[in-house]
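Engineer: Position one of the sequence shown corresponds to residue 6 (my numbering), numbered consecutively onward.
Yeah, the Cβ is synthetic: ideal placement off N, Cα and C, and Gly gets one too.
Computed from a predicted model, the values in this text were never measured in an experiment.
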Amino acid sequence: MVRARLLEVLRDRSALAWNLLFAPLLVIGMAVVLSGGSSRPVFNVGVLGDRPLTPATHPFFAAEATQFHYESNPQSAITKVERHRLDLLIDPRQSPLRYWVNSESGKGLLLQRLLRAEDADAQVQAVGGAQTRYADWLVPGLLGVNIMFSSLFAIGHVIVRYRKSGYLKRLNGTPLTAVEFIGAQLIACLLLVVFIAALIYLACSLFLHLRMEGHYLDLLLVTVLGSMSMITMSLLVAARISSEELSGGLLNLLSWPMVILSGVFFSLDGAPPLVQAAANLFPLTHMLEAARAVMLDGAGLADIRQPLLAMAAMTAVFLAIGAYFFRWTQD
Numbered sequence: 006m007v008r009a010r011l012l013e014v015l016r017d018r019s020a021l022a023w024n025l026l027f028a029p030l031l032v033i034g035m036a037v038v039l040s041g042g043s044s045r046p047v048f049n050v051g052v053l054g055d056r057p058l059t060p061a062t063h064p065f066f067a068a069e070a071t072q073f074h075y076e077s078n079p080q081s082a083i084t085k086v087e088r089h090r091l092d093l094l095i096d097p098r099q100s101p102l103r104y105w106v107n108s109e110s111g112k113g114l115l116l117q118r119l120l121r122a123e124d125a126d127a128q129v130q131a132v133g134g135a136q137t138r139y140a141d142w143l144v145p146g147l148l149g150v151n152i153m154f155s156s157l158f159a160i161g162h163v164i165v166r167y168r169k170s171g172y173l174k175r176l177n178g179t180p181l182t183a184v185e186f187i188g189a190q191l192i193a194c195l196l197l198v199v200f201i202a203a204l205i206y207l208a209c210s211l212f213l214h215l216r217m218e219g220h221y222l223d224l225l226l227v228t229v230l231g232s233m234s235m236i237t238m239s240l241l242v243a244a245r246i247s248s249e250e251l252s253g254g255l256l257n258l259l260s261w262p263m264v265i266l267s268g269v270f271f272s273l274d275g276a277p278p279l280v281q282a283a284a285n286l287f288p289l290t291h292m293l294e295a296a297r298a299v300m301l302d303g304a305g306l307a308d309i310r311q312p313l314l315a316m317a318a319m320t321a322v323f324l325a326i327g328a329y330f331f332r333w334t335q336d
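Take a look at the structure:
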């Protein structure tokens, strides 16, 4: 069954070509869209603690064109300053105020002047670190989107088509069990998705010289777990539905909120807590968090254990639900 599914995909050259071209085309499209002006805040400042972000708390909070947001983890926030994801990090809980700035960040040094003009006693904690290019941030997100669409539609849409055409009904008359059939589909889809993602990553790495601070095996594990979680998610749709139109709508209903909320194009730092909580319900969020930590921060398996465990748990839950409700034939 694994071999049959792989041959079926390889013979569909148009779909295979689309999977290979989707991410590069999206990179080009995003580059064109983002080449114009932007109304986003110029500066991004993290704040430790939970004191109100108002001028009454500190005059610096009145700075224009600046987005202030809370940071709960000091070490993680300092790492963001090192990677230029935060222009400045301040701790208003202490007197005098303490702040962190990257000595290689032009925005950070400018904010430091504004801060010192308001509070000459503020204590600086200088950090270093090379800036993370937007391409280094964007490519993992686009690869994640490509993996997501391939995983969802390669299983969800195909099994529904099998059911509608009567192919599953014929398979039900053979010694093949439902577990074997679902397992074969998952294995075949996983091999294809990871292989295509690896080819796209290799091409992007060669042309864009992507940053890679961690180990490739860790990144491979993240890719496999992330792919499995989204492949098994598609079983929630494919388990019982026999309408291709309905399955397509439901799969889009699952996929587009992930594209919007999972931090594909921009970081969710500073997003409302409700948005961040909703994003954590999706496997794509955890896959991108772990992949970027490995690529940009050199994180090891111990550092990304939380998103890995989240993806493993989602895989188990989605697989159990999908297998329980799976049926061979239409009503």
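1) Which value, in whole angstroms, describes the spacing of the CA atoms of S43 and V229?
2) Are the region 152-171 and the region 192-203 touching, with three or more C-beta to C-beta distances below 8 Å?
3) Mapping DSSP to helix, strand and coil, what is I326?
4) Round the Cβ separation of R297 and W142 to the nearest angstrom and send it over; I've been treating them as touching at under 8 Å.
5) Counting C-beta neighbours from all protein chains within 10 Å, is the total for L240 16 or more, i.e. buried, or is it exposed?
6) Along the chain, where does the alpha helix (DSSP H) containing Q80 start, and where does it finish?
7) Under a three-way DSSP split, which group does E76 fall into?
8) Just the Cα atoms here: how many angstroms apart are L306 and D223?
9) Can the beta-carbon of A189 be found closer than 7 Å to that of V7?
10) According to the neighbour-count rule (16 or more other Cβ atoms, all chains shown, within 10 Å of its Cβ), is S272 buried or exposed?
11) With C-beta atoms as the reference, is A68 less than 7 Å away from P60?
12) Going by the DSSP bridge assignment, what does V367 pair with across the sheet?
13) Given V47, which residues of its chain have a CB within under 6 Å of its CB, disregarding the five upstream and five downstream residues?
14) Please list, in chain order, all residues of the same chain as G253 whose beta carbon is under 7 Å from its beta carbon, the five residues on each side excluded.
15) So what does T71 bridge to, in DSSP terms?
16) Grouping DSSP H, G and I as helix and E and B as strand, with all else coil, what is D141?
17) Alpha carbon to alpha carbon, what distance is there between S232 and I192?
18) So is G111 buried or exposed if we call it buried at 16+ other beta carbons inside 10 Å?
19) With DSSP as the reference, label F158 as helix, strand or coil.
20) Would N257 be called buried (16 or more neighbouring beta carbons within 10 Å of its own) or exposed?
21) Measuring CA to CA, which of F323, S108, A276 is closest to H89?
22) Mapping DSSP to helix, strand and coil, what is L279?
23) Below 8 Å, how does it come out for the region 180-187 and the region 311-319: are there three or more Cβ pairs, yes or no?
24) Can you check DSSP and say which residues form a bridge with L53?
25) Between which residues of its own chain and F323 is the CB-CB distance below 8 Å, once the five residues before and five after are set aside?
26) Find the nearest neighbour of R98 within the set T84, Y75, R175, C194, judged by alpha-carbon distance.
27) Would you call the CB atoms of G362 and L91 closer than 7 Å?
28) With distance defined between alpha-carbon atoms, name the residue in L293, L195, D302, S247 nearest to E264.
29) The beta strand (DSSP E) spanning D96 covers which residue range?
30) Please name the residue, chosen from L197, G268, F212, Y172, that lies closest to S247 on a Cα-to-Cα basis.
31) Within its chain, find whatever has a CB closer than 7 Å to the CB of S267; leave out the 5 residues flanking it on each side and keep chain order.
32) For A282 and S77, I'd like the C-alpha separation in whole angstroms.
33) Is it buried or exposed for H214, if we count other Cβ within 10 angstroms and need 16 for buried?
Structural biologist: Put simply:
1) By 1-based counting over the sequence shown, the position of residue 43 is 38. By 1-based counting over the sequence shown, the position of residue 229 is 224. With a pLDDT of only 49 at S43, under the threshold of 50, the placement of this residue in the model should not be trusted, and no figure is reported.
2) yes
3) The count along the sequence shown starts at 1 and reaches residue 326 at position 321. Here DSSP, grouped into helix, strand and coil, assigns I326 to helix.
4) Position 292 of the sequence shown, counted from the first residue, corresponds to residue 297. Position 137 of the sequence shown, counted from the first residue, corresponds to residue 142. The pair is a contact, with the Cβ atoms about 7 Å apart (cut-off 8 Å).
5) Along the sequence shown, one-based indexing puts residue 240 at 235. So L240 counts as buried.
6) Looking up residue 80 in the sequence shown gives position 75. For Q80, the uninterrupted alpha helix (DSSP H) run begins and ends at 79-87, by DSSP.
7) The residue you call residue 76 lines up with position 71 of the sequence shown. It is a strand residue.
8) As a position in the sequence shown, residue 306 is number 301, starting the count at 1. As a position in the sequence shown, residue 223 is number 218, starting the count at 1. Using only the alpha carbons, I get a separation of about 7 Å.
9) By one-based count along the sequence shown, residue 189 stands at place 184. By one-based count along the sequence shown, residue 7 stands at place 2. Contact: yes.
10) Numbered from its first residue, the sequence shown carries residue 272 at position 267. S272 comes out exposed.
11) Reading the sequence shown from its first residue, position 63 is the one you call residue 68. Reading the sequence shown from its first residue, position 55 is the one you call residue 60. No, the Cβ-Cβ distance between A68 and P60 is not below 7 Å.
12) The chain is shown only over 6 to 336; residue 367 falls outside these bounds and no answer can be derived.
13) Start at 1 with the first residue of the sequence shown, and residue 47 comes out as number 42. So the list reads A70, once near-sequence residues are dropped.
14) For this step, residue 253 is matched to residue 248 along the sequence shown. So the list reads H162, once near-sequence residues are dropped.
15) Taking the first residue of the sequence shown as 1, we reach residue 71 at position 66. In DSSP, T71 forms a bridge with F48.
16) Reading the sequence shown from its first residue, position 136 is the one you call residue 141. Helix, per DSSP.
17) For the purposes of this step, residue 192 is taken as the residue at position 187 of the sequence shown. For the purposes of this step, residue 232 is taken as the residue at position 227 of the sequence shown. If I take the Cα positions, the gap works out to 11 Å.
18) Reading the sequence shown from its first residue, position 106 is the one you call residue 111. Exposed, by the Cβ-count rule.
19) Your numbering for residue 158 matches position 153 in the sequence shown. DSSP places F158 in helix when its eight states are reduced to three.
20) Within the sequence shown, numbered from 1, the residue matching residue 257 stands at position 252. By the neighbour-count rule (16 or more Cβ atoms within 10 Å), N257 is not buried but exposed.
21) If you number the sequence shown from 1, residue 89 lands on position 84. Ranking the options by Cα distance to H89, first place goes to S108.
22) Here residue 279 refers to the residue found at position 274 when the sequence shown is read from its first residue. Three-state DSSP puts L279 in a helix.
23) Proximity of the region 180-187 to the region 311-319 falls short of the contact definition, fewer than three beta-carbon pairs being nearer than 8 Å.
24) As a first step, residue 53 is located in the sequence shown; it is residue number 48 there, counting from the start. Beta-bridge partners assigned by DSSP to L53: E76.
25) Counting from 1 along the sequence shown, the entry for residue 323 is found at position 318. Around F323: S234, T237, M238, L240, L241.
26) As a first step, residue 98 must be located in the sequence shown, where it is residue number 93. Ranking the options by Cα distance to R98, first place goes to Y75.
27) The first residue shown for the chain is 6 and the last is 336, placing residue 362 beyond what the model contains.
28) For the purposes of this step, residue 264 is identified with residue 259 of the sequence shown, where counting begins at 1. At residue 264 the sequence reads Val, which differs from the Glu that was named. It is L293 whose Cα lies nearest to the Cα of V264.
29) Taking the sequence shown and counting its residues from 1, the one referred to as residue 96 is at position 91. Element bounds for D96: 93-96.
30) The count along the sequence shown starts at 1 and reaches residue 247 at position 242. Answer by Cα proximity: Y172.
31) In the sequence shown, residue 267 corresponds to position 262, counting from 1. Excluding positions up to five away in sequence, the list reads A284, F287, L289, T290, L293.
32) Reading the sequence shown from its first residue, position 277 is the one you call residue 282. Reading the sequence shown from its first residue, position 72 is the one you call residue 77. Taking the straight line from one Cα to the other gives about 15 Å.
33) The residue you call residue 214 lines up with position 209 of the sequence shown. Flag for H214 reads exposed.
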